[in-house]
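Engineer:
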Amino acid sequence: MSETVWSTGAPGEIVRRAGGVPGRTTFPTLDELATSFESTRAAHPDLVRRRRIGTSRLSEPIHVYTVGQGTKQNLVVGGVHPNEPIGSITAQHLISELCADRGLREAFDATWHIVPCIDPDGYRLNESWFGQPTDRLYYARRFYRPAPDEQVEWSFPVDYKRAYFDRMMPETQALARLMDAVKPDVYVPLHNAELGGVYYYVSRVSQPLFDLLHAVPQALGLPLALGEPESGDLVAAADAIYLMFDFAHTYDWLEDLGVDPVGPKPAGDSSTAYVARYGTLSLIAELPYWSHPASDDTTPTTESYAALLKRTSEQHLETGRVLTDALAAAGPYLSLDTPLRRGAEAFAPGIAESGRAGLARAGQPGSARPATVAEQFSCEDVVHMFRLRFGSMTLQALEAECRAGLAPLEVRRAAQDLAALYATWEHDAVRATPATPIALNKVAGVQYGAVLAAGALAAGLLDS
Ligand SMILES: [Zn+2]
0 MSETVWSTGA PGEIVRRAGG VPGRTTFPTL DELATSFEST RAAHPDLVRR
50 RRIGTSRLSE PIHVYTVGQG TKQNLVVGGV HPNEPIGSIT AQHLISELCA
100 DRGLREAFDA TWHIVPCIDP DGYRLNESWF GQPTDRLYYA RRFYRPAPDE
150 QVEWSFPVDY KRAYFDRMMP ETQALARLMD AVKPDVYVPL HNAELGGVYY
200 YVSRVSQPLF DLLHAVPQAL GLPLALGEPE SGDLVAAADA IYLMFDFAHT
250 YDWLEDLGVD PVGPKPAGDS STAYVARYGT LSLIAELPYW SHPASDDTTP
300 TTESYAALLK RTSEQHLETG RVLTDALAAA GPYLSLDTPL RRGAEAFAPG
350 IAESGRAGLA RAGQPGSARP ATVAEQFSCE DVVHMFRLRF GSMTLQALEA
400 ECRAGLAPLE VRRAAQDLAA LYATWEHDAV RATPATPIAL NKVAGVQYGA
450 VLAAGALAAG LLDS
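With the first letter of the sequence shown counted as 1, position 29 gets the number 28 in numbering that gives the first Met the number 0; the numbers rise by one all the way through.
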């Protein structure tokens with residue numbers, strides 16, 4: 000690879016490379032991921048250095064792999080949310096490309112630090128669906144997302160108004176130490192979304208970067224997500240590109256809406272908020288497993304945005320109420336303090352909080368306008384997503400008690416009742432939003448392109 004390609008045509012080169020991720024149909028398990036990184040290291044002992052940065056709560060070692068000798072320090076971290084494994088494919092591809100291609104190593108003038116998985120314990124709890132990732136119901140029924148205060152992404156320290164959090168997990172501490180040692184120029188935590196289109200979070204405004212972040216999914220045939228953002232406080236810098244947000248931003252927004260910003264079990268700040276002290280360029284690429292043609296359809300509908308928010312927020316309140324009731328009915332009889340149960344107990348009130356925020360927003364003057372097709376689709380799909388994800392986690396927590404032989408009748412009844420309701424939620428979700436799986440090499444390709452785009456911006460390759 001010649002220097003000329005990178006110095007004069009970096010965007011085109013990155014788009015081309017985003018399309019070059021090999022095809023695959025499953026996500027790697029933790030052991031497969033470790034084996035893959037170790038094989039790359041064994042094949043390139045002169046290029047790849049490995050260092051242990053910490054230990055998980057269940058005693059798994061956590062490693063960083065470092066490639067290159069350049070002046071820019073680029074940090075890429077998988078497993079920040081262990082239910083989001085697209086980044087495993089991205090990380091595998093990044094290290095193998097860096098090892099195989101001297102031009103790539105030299106063009107970015109970078110030392111690349113890659114953590115394959117920062118939350119091995121949480122990742123293992125999701126592995127049961129990794130072999131069949133295209134079936135949304137199969138995936139949801141085995142889904143595990145840690146409670147917010149057990150997510151590496153949202154367990155960095157915070158001290159803001161009435162909120163205080165300093166219970167960093169060993170995994171979070173490992174990442175903080177690594178950030179302090181590396182002082183990254185670029186930080187890309189490898190997240191992904193679920194259904195719809197592609198969107199991003201950026202800590203820096205750059206038109207050449209935005210153009211590239213739009214060009215990559217377009218070249219791979221993936222729609223942008225032009226509907227409702229993940230949270231009403233997000234600020235769009237361009238289509239489907241939001242400014243990075245932090246704890247304080249969301250806190251103030253909830254406070255202004257009249258919603259309590261401090262829940263019963265508060266979490267902390269984000270990893271990107273922590274690393275911001277080093278002037279780091281942070282970028283997150285959110286990729287779906289399933290696409291939908293409504294994702295980027297900005298045609299106005301006959302429903303007002305206010306009515307859409309009210310309708311779907313009331314559904315969130317109902318979902319939150321049902322799951323809270325199920326946990327309350329079984330609660331006095333539960334024996335097992337599992338990550339699934341702690342997650343279920345945290346998310347049930349969290350869904351209701353989303354509903355309250357949505358209802359408050361529905362009453363704001365700016366909501367008196369027609370909703371777009373994309374907004375209608377995305378707001379409705381979040382209702383299904385919450386029901387499938389957190390209904391399943393609640394059900395799994397109750398079923399674990401039954402399987403362990405610890406469940407009195409009250410727990411079995413709560414599990415049976417919720418299972419019956421969950422079956423109707425599954426039916427509704429399939430009927431409402433038929434999910435078209437996207438090839439895994441395409442979604443990982445968009446994320447790989449985003450990683451290279453961030454590296455290219457830091458290296459001055461996107462300025463011209
Ligand atoms: Zn995430």
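Every residue gets a Cβ at the ideal spot worked out from N, C-alpha and C, and that includes glycine.
1. Under the rule that 16 or more other beta-carbon atoms within 10 Å means buried, what is PRO145, buried or exposed?
2. Leaving aside the five residues before and after ARG14 along the sequence, list all residues of the same chain whose C-beta is less than 7 Å from its C-beta, in chain order.
3. Could you check whether the Cβ of HIS383 sits closer than 7 Å to any heavy atom belonging to ligand 1?
4. Between the stretch 417–432 and the stretch 400–407, do three or more beta carbon pairs fall short of 8 Å?
5. If we call anything under 8 Å between Cβ atoms a contact, is ARG48 one with ILE61?
6. Given that a residue counts as buried once 16 or more other Cβ atoms are within 10 Å of its Cβ, and exposed if not, what is TYR163?
7. Nearest to ARG16 by alpha carbon, out of LEU93, ASP120 and GLY257?
8. Tell me the rounded alpha-carbon separation between TYR186 and THR279.
9. With C-beta atoms as the reference, is THR318 less than 8 Å away from THR371?
10. Do THR271 and SER202 have their CB atoms nearer than 8 Å?
11. Which same chain residues, not among the five before or five after LEU308, have their C-beta less than 8 Å away from its C-beta?
12. Which word fits GLY338, buried or exposed, when buried means at least 16 other C-beta atoms lie within 10 angstroms of its C-beta?
13. With a threshold of 7 Å (Cβ to nearest heavy atom), would GLU193 be considered close to ligand 2?
14. Can you tell which of LEU221, VAL261 and VAL321 has the C-alpha that lies nearest to the C-alpha of GLU285?
15. Tell me, which residues are paired with GLU285 by DSSP?
16. Enumerate in chain order the residues of its own chain whose CB-to-CB distance from ALA42 is below 8 Å, with the five nearest sequence positions on each side excluded.
17. Straight-line CA distance for HIS383 to ASP45?
18. Can you check which of these residues, GLY354, LEU460, ALA457 and ALA443, is closest to ARG23 by C-alpha distance?
19. Anyone know if the C-beta pair for ASP268 and GLY196 falls short of 8 Å?
20. Rank PRO287, LEU439, SER334 and ALA328 by C-alpha distance to the C-alpha of LEU417 and give the top, closest one.
21. Answer with buried or exposed for PRO147, where buried requires no fewer than 16 other C-beta atoms within 10 angstroms of its C-beta.
22. Once the 5 residues before and after ARG388 are set aside, which same chain residues still bring their CB inside 7 Å of it?
23. Give the straight-line distance between the Cα atoms of ALA266 and GLY8, rounded to the nearest whole angstrom.
24. Which residue comes first and which comes last in the beta strand (DSSP E) that contains VAL66?
25. Our contact map puts GLU374 next to GLY226 with C-beta atoms below 8 Å; I'd like the distance itself, whole angstroms only.
26. Kindly list the residues whose CB is nearer than 6 Å to the CB of SER281, restricted to its own chain and excluding five residues on each side of it in sequence; keep chain order.
27. Going by DSSP, which residues form a beta bridge with THR24?
28. With burial defined as no fewer than 16 other Cβ atoms inside 10 Å of the residue's Cβ, what is the status of VAL234: buried or exposed?
29. Does the beta-carbon of GLU152, which I'm using as the reference point, lie nearer than 7 Å to any heavy atom of ligand 1?
30. To which residues of the same chain is TYR250 closer than 7 Å at the C-beta, ignoring the five residues directly before and after it?
31. Starting from ASN82 and walking both ways along the alpha helix (DSSP H), at which residues does that stretch end?
32. For LYS441, count neighbouring C-beta atoms within 10 Å of its own C-beta (all shown protein chains included) and say buried if the count is 16 or more, exposed if not.
33. Taking 6 Å as the limit between beta carbons, can you name the residues of its chain near THR171, skipping five residues before and five after?
34. When every heavy atom of ligand 1 is checked, does at least one fall within less than 7 Å of the C-beta of HIS190?
Structural biologist: Looking at the atomic coordinates:
1. Taking the sequence shown and counting its residues from 1, the one referred to as residue 145 is at position 146. PRO145 should be labelled buried.
2. The residue given as residue 14 occupies position 15 in the sequence shown. Residue 14 is actually Val in this sequence, not Arg. Within the same chain, VAL14 has close Cβ partners ALA214, VAL215, ALA218 and GLY448.
3. Here residue 383 refers to the residue found at position 384 when the sequence shown is read from its first residue. False, no ligand heavy atom lies under 7 Å from that Cβ.
4. No contact exists between the stretch 417–432 and the stretch 400–407.
5. Translated into the one-based positions of the sequence shown, residue 48 becomes position 49. Translated into the one-based positions of the sequence shown, residue 61 becomes position 62. No.
6. Residue 163 sits at position 164 when you count from the first residue of the sequence shown. TYR163 should be labelled exposed.
7. Numbered from 1 along the sequence shown, position 17 holds the residue referred to as residue 16. When each option's Cα is compared against that of ARG16, the closest is LEU93.
8. As a first step, residue 186 must be located in the sequence shown, where it is residue number 187. As a first step, residue 279 must be located in the sequence shown, where it is residue number 280. So the two alpha carbons sit approximately 7 Å from each other.
9. Within the sequence shown, residue 318 is the residue found at index 319, counting from 1. Within the sequence shown, residue 371 is the residue found at index 372, counting from 1. Contact: no.
10. Mapped onto the sequence shown, residue 271 falls at position 272. Mapped onto the sequence shown, residue 202 falls at position 203. The answer is yes: Cβ separation under 8 Å.
11. By one-based count along the sequence shown, residue 308 stands at place 309. So the list reads GLY357, LEU358, ARG360, ALA361, SER366 and CYS378, once near-sequence residues are dropped.
12. Counted from its first residue, the sequence shown places residue 338 at position 339. Before going further, note that residue 338 is Pro rather than Gly in the sequence given. For PRO338, the number of other beta carbons within 10 angstroms of its own is at least 16, and it is reported as buried.
13. By its list of ligands, the structure shown excludes ligand 2, since it contains just ligand 1.
14. The residue labelled residue 285 in the question sits at position 286 within the sequence shown. Of the candidates LEU221, VAL261 and VAL321, the one whose C-alpha sits nearest the C-alpha of GLU285 is LEU221.
15. Position 286 of the sequence shown holds residue 285. For GLU285, which the question treats as bridged, DSSP gives the partners TYR198.
16. Stepping through the sequence shown from its first residue, residue 42 is reached at position 43. Correct list, in chain order: CYS98.
17. Here residue 383 is taken as the residue at index 384 of the sequence shown, counted from 1. Here residue 45 is taken as the residue at index 46 of the sequence shown, counted from 1. Cα-Cα distance, rounded: 49 Å.
18. What you label residue 23 is simply residue 24 of the sequence shown in a count that begins at 1. Checked all of GLY354, LEU460, ALA457 and ALA443; the closest Cα to ARG23 is ALA443.
19. Position 269 of the sequence shown, counting from 1, holds the residue named residue 268. Position 197 of the sequence shown, counting from 1, holds the residue named residue 196. No. Outside cutoff.
20. Within the sequence shown, the letter at position 418 stands for residue 417. The candidate whose alpha carbon is nearest that of LEU417 is ALA328.
21. As a first step, residue 147 is located in the sequence shown; it is residue number 148 there, counting from the start. With 16 or more other Cβ atoms within 10 Å, it is buried.
22. Mapped onto the sequence shown, residue 388 falls at position 389. ALA139, PHE142 and ARG144.
23. Walking along the sequence shown from the start, residue 266 turns up at place 267. Walking along the sequence shown from the start, residue 8 turns up at place 9. Cα to Cα, ALA266 sits roughly 43 Å from GLY8.
24. Along the sequence shown, one-based indexing puts residue 66 at 67. Unbroken beta strand (DSSP E) run through VAL66: 60–66.
25. The sequence position of residue 374 within the sequence shown is 375, counting from 1. The sequence position of residue 226 within the sequence shown is 227, counting from 1. 5 Å between Cβ atoms; contact.
26. Within the sequence shown, numbered from 1, the residue matching residue 281 stands at position 282. Hits under 6 Å: TYR186, SER202, MET243 and THR271.
27. As a working mapping, residue 24 is identified with position 25 in the sequence shown. Answer is none; THR24 lacks a bridge partner.
28. Position 235 of the sequence shown, counted from the start, is the residue given in the question as residue 234. So VAL234 ends up on the exposed side.
29. If you number the sequence shown from 1, residue 152 lands on position 153. Within the cutoff, so yes.
30. Locating residue 250 in the sequence shown gives position 251, where the first residue counts as 1. Answer for TYR250: TYR159, LYS160, ALA162 and PRO260, listed in chain order.
31. As a first step, residue 82 is located in the sequence shown; it is residue number 83 there, counting from the start. No alpha helix (DSSP H) contains ASN82, which DSSP labels as neither H nor E.
32. For the purposes of this step, residue 441 is identified with residue 442 of the sequence shown, where counting begins at 1. It counts as buried.
33. For the purposes of this step, residue 171 is identified with residue 172 of the sequence shown, where counting begins at 1. Excluding sequence neighbours, THR171 sits near VAL151 and SER154.
34. In the sequence shown, the residue the question calls residue 190 occupies position 191. For ligand 1, at least one heavy atom lies less than 7 Å from the Cβ of HIS190.
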